[in-house]
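Using the UniProt record's numbering, read the sequence shown as starting at 1 and increasing by one per residue.
Just so it is clear, CB atoms sit at the ideal spot from N, CA and C, and this is done for glycine as well.
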Amino acid sequence: WVNKKGEFVYIKYHFLAKHGQKQLTEPEAIRISGENPDYSKMQLWDAIEAGEEVEWTAKVQIMKPEEADAEKLGFDPFDVTKVWPRKEFPMHEFGKLVLNKNPENYHRDVEQAAFSPGSMVPGIEDSPDPLLQFRMFFYRDAQYHRIGSLSSLNFDGAMRVDGNHSGNKQYAPNSFMGDRFRPDVAEAPYKVSDNVVSRKSHYYHEGKMSEYDQPRDLYRNVMTEQARKNLHHNTAKMLSHVNFPMIQQQYLAQIYNIAPEYARGVYDLTKFKHKQPFEFSEVEAMSEQAPLFFKNVKFRPSQGNRLVGFAPDAPFYNV
Numbered sequence: 001w002v003n004k005k006g007e008f009v010y011i012k013y014h015f016l017a018k019h020g021q022k023q024l025t026e027p028e029a030i031r032i033s034g035e036n037p038d039y040s041k042m043q044l045w046d047a048i049e050a051g052e053e054v055e056w057t058a059k060v061q062i063m064k065p066e067e068a069d070a071e072k073l074g075f076d077p078f079d080v081t082k083v084w085p086r087k088e089f090p091m092h093e094f095g096k097l098v099l100n101k102n103p104e105n106y107h108r109d110v111e112q113a114a115f116s117p118g119s120m121v122p123g124i125e126d127s128p129d130p131l132l133q134f135r136m137f138f139y140r141d142a143q144y145h146r147i148g149s150l151s152s153l154n155f156d157g158a159m160r161v162d163g164n165h166s167g168n169k170q171y172a173p174n175s176f177m178g179d180r181f182r183p184d185v186a187e188a189p190y191k192v193s194d195n196v197v198s199r200k201s202h203y204y205h206e207g208k209m210s211e212y213d214q215p216r217d218l219y220r221n222v223m224t225e226q227a228r229k230n231l232h233h234n235t236a237k238m239l240s241h242v243n244f245p246m247i248q249q250q251y252l253a254q255i256y257n258i259a260p261e262y263a264r265g266v267y268d269l270t271k272f273k274h275k276q277p278f279e280f281s282e283v284e285a286m287s288e289q290a291p292l293f294f295k296n297v298k299f300r301p302s303q304g305n306r307l308v309g310f311a312p313d314a315p316f317y318n319v
């Protein structure tokens with residue numbers, strides 16, 4: 001948020017449901033999805049149609065630019081997978097989000113809705129969050145392809161009837177095609193104003209064990225015992241479908257760094273398609289390298305990285 005003087009703070013939005021929240025167990029989810037997969041939509045529609053207002057309380061956390069120091073915070077404040085501790089950055093209520101009317105024309109009001117984080121009102125500006133930066137650029141372009149003149153229902157264009165892509169994975173990195181990146185041909189870094197443009201990660205904690213601190217706190221201190229049991233069961237069920245022991249072991253090595261008991265709980269419940277392809281001790285050994293999986297040494301952050309998010313040392317614009 002920016003005031004008329006150009007002074008700014010970073011904020012994180014929260015929308016808290018007035019009616020609370022409810023989680024479903026896997027058996028409940030399977031039953032309901034079979035009986036009525038659209039039950040949530042129907043509940044929302046029926047409630048609004050009956051005159052009930054569905055409401056969320058809008059709150060923000062506030063962080064001053066000088067506080068956005070990843071080394072001191074213990075986490076990267078512009079990493080969307082991280083939370084800001086509420087003790088250090090308390091919540092401030094600023095309004096409500098209320099749904100009180102159903103769409104009159106679903107195609108006009110819903111199917112053709114097109115939002116972009118690049119469309120902002122005065123006083124709200126972007127942060128150094130790289131995911132936000134990319135979305136600001138791509139969302140409008142994506143809407144052209146979804147509902148605009150560039151819309152196409154054919155993968156990779158019209159009239160493609162050949163074996164396009166040959167079944168290759170459409171994401172990277174993956175465990176089967178090696179490293180598709182070419183660190184040897186990375187663009188030479190260059191300065192732009194007072195910063196540097198390069199492909200090197202600016203996340204201070206990337207590839208370090210501190211990346212697992214917040215998930216560990218969530219698992220051990222926030223989740224109930226029953227929630228942890230549900231997590232073990234649900235994760236093991238999905239992991240049991242994996243055909244490749246290598247991927248199963250790599251995944252278990254990651255969650256071992258969150259909490260060894262988490263990995264053990266999932267390991268014990270996983271039904272391997274091959275005769276016990278690896279022991280749990282091998283998961284423990286692999287966990288030491290898990291933070292660096294698929295992170296090329298050339299692009300890893302270094303201790304001397306310039307921290308992003310600080311305010312300029314001197315006024316930037318002429319007043």
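Where residue i falls, given that 16 or more other Cβ within 10 Å makes a residue buried
i	result
K64	exposed
E288	exposed
E206	buried
E93	exposed
Y203	buried
P27	exposed
T270	buried
F78	buried
A113	exposed
residue 339	Lying outside 1 to 319, the shown extent of the chain, residue 339 is not represented and no answer is given.
residue 392	Outside the modelled stretch of the chain, which goes from 1 to 319, sits residue 392, for which no answer is possible.
Y106	exposed
Q61	buried
Alpha carbon of residue i to alpha carbon of residue j, nearest angstrom
i	j	result
E67	K169	41 Å
F115	M136	10 Å
P245	T235	15 Å
I255	R108	44 Å
E88	D69	13 Å
K208	W45	46 Å
residue 360	Y212	This structure leaves residue 360 out entirely; the chain is present only between 1 and 319.
K41	N102	11 Å
P90	F272	45 Å
T25	E7	47 Å
E111	D141	17 Å
R146	P122	28 Å
N230	K237	11 Å
R228	S175	28 Å
T57	Q133	27 Å
G51	E104	15 Å
M286	G20	40 Å
S210	R216	10 Å
R86	Q214	13 Å
W1	M120	11 Å
N243	P277	11 Å
Test item: CB-CB of residue i and residue j under 8 Å
i	j	result
K59	L16	yes
N257	P301	no
F294	P130	no
A259	V283	no
A3	I48	Per the sequence presented here, residue 3 reads as Asn, with Ala not at that position. In this structure, I48 does not lie closer than 8 Å to N3 by Cβ.
E55	K22	no
G118	Y144	no
H241	G265	no
Q249	L239	no
F310	S201	no
Exercise. Tell me, please, whether the segment 72-85 touches the segment 30-43 by the rule of three or more beta-carbon pairs shorter than 8 Å.
Key: Using a C-beta cut-off of 8 Å, the segment 72-85 makes no contact with the segment 30-43, since fewer than three inter-stretch Cβ pairs fall below that distance.
Quiz item: Are the segment 34-46 and the segment 79-88 touching, with three or more C-beta to C-beta distances below 8 Å?
Solution: Contact check between the segment 34-46 and the segment 79-88: fewer than three CB pairs, one atom from each, fall below 8 Å, which does not count as touching.
Quiz item: Going along the chain, which unbroken runs of the beta strand (DSSP E) with 3 or more residues stay wholly within the segment 90-162?
Solution: Counting only runs that start and end inside the segment 90-162, the beta strand (DSSP E) elements of at least 3 residues fall at 91-99.
Practice problem: Would you check if the segment 1-19 and the segment 218-229 touch, i.e. whether three or more CB-CB distances between them fall below 8 Å? | Solution: Contact fails: fewer than three Cβ-Cβ distances are below 8 Å.
Self-check item: Complete alpha helix (DSSP H) runs within the segment 269-307 (minimum length 4 residues, chain order)
Solution: Fully enclosed alpha helix (DSSP H) runs of 4 or longer: 280-287.
Quiz item: Unbroken alpha helix (DSSP H) runs of length 4 or more, entirely within the segment 233-263: which are they?
Solution: Listed in chain order, the complete alpha helix (DSSP H) runs (minimum 4 residues) inside the segment 233-263 are 245-258.
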